[in-house]
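Novice: Handing you a structure now.
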Amino acid sequence: HARFLRAETDRPVKFTLPGPMTMVDTLYDGYYRSREKLAREFARILNAEARELEALGINVIQFDEPAFNVFMDEVRDWGVETLEAAAAGLKCKTAVHICYGYGIKANNDWKKTLGSEWRQYESTFPLLATSKIGQVSLECANSRVPLELIGLLKGKDIMVGAIDVASEKIETPEEVAQILRPALKYVAPDKLYPCTNCGMVPLPRAVAQSKLKALAAGAAIVRKELAGH
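Going by the numbering used here, the sequence shown opens with residue 7, and the numbers climb by one from there.
Below, the structure written as structure tokens:
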């Protein structure tokens, strides 16, 4: 896939991989019988794959770690460390995606238990701020994440999720812009990257395409406003 994509475009290419903790969370371990040991082994394997992707010309390698929003103690104890091990030695830009999951029933039901404010990021961001990971992807659309938590990631590129992947409703460009504007209080314009909350695999293709068009149009609105200042 990476070879094909790199051959078809001269634009920057991002490739995503699952993070070590999230891989551990989705598998049964009858050998190591230790989440940490298994995560460290996955980090070694992921690092080899990431290095190969970089050699093929991939510009950004992202590790998806939604499990970081669930196991905060383990994130502190070994999660960020195994994430950095997966990215060790890479010269391309590295990213981590931390969301609250796809729009499936299990995830939606879990979100209902999180209260009026989702502050899971609050314990994770300071750890990521001192890590070597360059970019952090967040869920901000139709969520209860306080945007001021972005301020805990000073110096990092911030991908602000401005598209809700748990709904087939197509956002308007202005709705996208309304999420991006307040985020600029906490991150510099050249470090803000508008994005979706998560992947759009569960959505119909036409819906996903329309949402991406709205994302681009909303970003263009804010970009024009910034240029006028």
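Backbone N, C-alpha and C fix where the C-beta goes; we use that ideal spot for every residue, glycine too. A quick note: this is a predicted structure, and the numbers were derived from the prediction, not measured.
With a threshold of 6 angstroms on Cβ separation, who are the neighbours of residue 157 within its own chain once the five nearest residues in sequence on each side are excluded?
Specialist: Numbered from 1 along the sequence shown, position 151 holds the residue referred to as residue 157. Closer than 6 angstroms at Cβ, skipping near neighbours: 192.
Novice: Just curious, the alpha helix (DSSP H) that residue 141 is in, first and last residue?
Specialist: Stepping through the sequence shown from its first residue, residue 141 is reached at position 135. Premise fails: residue 141 lies in the beta strand (DSSP E), 141–145, not in any alpha helix (DSSP H).
Novice: Are there 16 or more other CB atoms within 10 angstroms of the CB of residue 215, so buried, or fewer, so exposed?
Specialist: As a first step, residue 215 must be located in the sequence shown, where it is residue number 209. Residue 215 comes out exposed.
Novice: Go through the region 73–142 residue by residue and report every complete run of the alpha helix (DSSP H) that reaches 4 residues or more, in order.
Specialist: 86–92, 111–117, 127–135
Novice: In whole angstroms, give me the CA-to-CA distance for residue 184 and residue 23.
Specialist: Mapped onto the sequence shown, residue 184 falls at position 178. Mapped onto the sequence shown, residue 23 falls at position 17. Take the alpha-carbon of residue 184 and the one of residue 23: they are about 30 angstroms apart.
Novice: How many Å lie between residue 240 and residue 49 at the Cα?
Specialist: Nothing can be reported for residue 240, as the shown portion of the chain is limited to 7 through 235.
Novice: Would you kindly work out how many angstroms separate the C-alpha atoms of residue 26 and residue 89, rounded to a whole number?
Specialist: Position 20 of the sequence shown, counting from 1, holds the residue named residue 26. Position 83 of the sequence shown, counting from 1, holds the residue named residue 89. Near 6 angstroms, if we compare the C-alpha coordinates of residue 89 and residue 26.
Novice: According to the neighbour-count rule (16 or more other Cβ atoms, all chains shown, within 10 Å of its Cβ), is residue 163 buried or exposed?
Specialist: Here residue 163 refers to the residue found at position 157 of the sequence shown. So residue 163 ends up on the buried side.
Novice: Measure the alpha-carbon distance for residue 236 versus residue 182 and round it to whole angstroms.
Specialist: This structure gives no information on residue 236, because the portion of the chain shown stretches from 7 to 235.
Novice: When burial is assigned at 16 or more other CB atoms within 10 Å of the CB, is residue 7 buried or exposed?
Specialist: Your numbering for residue 7 matches position 1 in the sequence shown. It is exposed - the Cβ of residue 7 has fewer than 16 other Cβ atoms within 10 Å.
Novice: Drop a sphere of 10 angstroms on the beta-carbon of residue 236, count the other beta-carbons inside from all chains shown, and report buried for 16 or more, exposed for fewer.
Specialist: Nothing can be reported for residue 236, as the shown portion of the chain is limited to 7 through 235.
Novice: What are the start and end residues of the beta strand (DSSP E) that includes residue 28?
Specialist: Translated into positions along the sequence shown, residue 28 becomes position 22. Taken as a continuous stretch (DSSP letters only), residue 28 belongs to no beta strand (DSSP E), being part of the alpha helix (DSSP H) at 26–31.
Novice: Straight-line CA distance for residue 198 to residue 111?
Specialist: Along the sequence shown, read from residue 1 onward, the residue named residue 198 stands at position 192. Along the sequence shown, read from residue 1 onward, the residue named residue 111 stands at position 105. The alpha-carbon atoms of residue 198 and residue 111 are separated by roughly 30 angstroms.
Novice: Counting C-beta neighbours from all protein chains within 10 Å, is the total for residue 10 16 or more, i.e. buried, or is it exposed?
Specialist: Looking up residue 10 in the sequence shown gives position 4. By the 10 Å Cβ count, residue 10 comes out exposed.
Novice: From the DSSP secondary-structure annotation, give me the bridge partner or partners of residue 165.
Specialist: As a working note, residue 165 is residue 159 in the sequence shown. According to DSSP, residue 165 bridges with 143, 199.
Novice: Count the other C-beta atoms from every protein chain shown that fall within 10 angstroms of the C-beta of residue 151, then say buried if there are 16 or more, exposed otherwise.
Specialist: Reading the sequence shown from its first residue, position 145 is the one you call residue 151. With at least 16 other beta carbons inside 10 angstroms of its own, residue 151 counts as buried.
Novice: Would you tell me roughly how many angstroms separate the C-alpha atoms of residue 190 and residue 159, rounded to the nearest one?
Specialist: Taking the first residue of the sequence shown as position 1, residue 190 is located at position 184. Taking the first residue of the sequence shown as position 1, residue 159 is located at position 153. Near 13 angstroms, if we compare the C-alpha coordinates of residue 159 and residue 190.
Novice: Thinking residue 166 and residue 144 are a contact (beta carbons under 8 angstroms), I'd like their distance in whole angstroms, please.
Specialist: Working through the sequence shown from its first residue, we reach residue 166 at position 160. Working through the sequence shown from its first residue, we reach residue 144 at position 138. Right, the Cβ-Cβ distance comes to about 6 angstroms (below 8 angstroms), so this counts as a contact.
Novice: With 16 other CB atoms within 10 Å as the buried threshold, where does residue 217 fall?
Specialist: Working through the sequence shown from its first residue, we reach residue 217 at position 211. By the neighbour-count rule (16 or more Cβ atoms within 10 Å), residue 217 is buried.
Novice: Mapping DSSP to helix, strand and coil, what is residue 160?
Specialist: Locating residue 160 in the sequence shown gives position 154, where the first residue counts as 1. Residue 160 falls in the coil class under three-state DSSP.
Novice: Output the distance between the C-alpha atoms of residue 97 and residue 75, rounded to the nearest integer angstrom.
Specialist: In the sequence shown, counting from the first residue as 1, residue 97 sits at position 91. In the sequence shown, counting from the first residue as 1, residue 75 sits at position 69. In a straight line, the C-alpha of residue 97 is about 27 angstroms away from that of residue 75.
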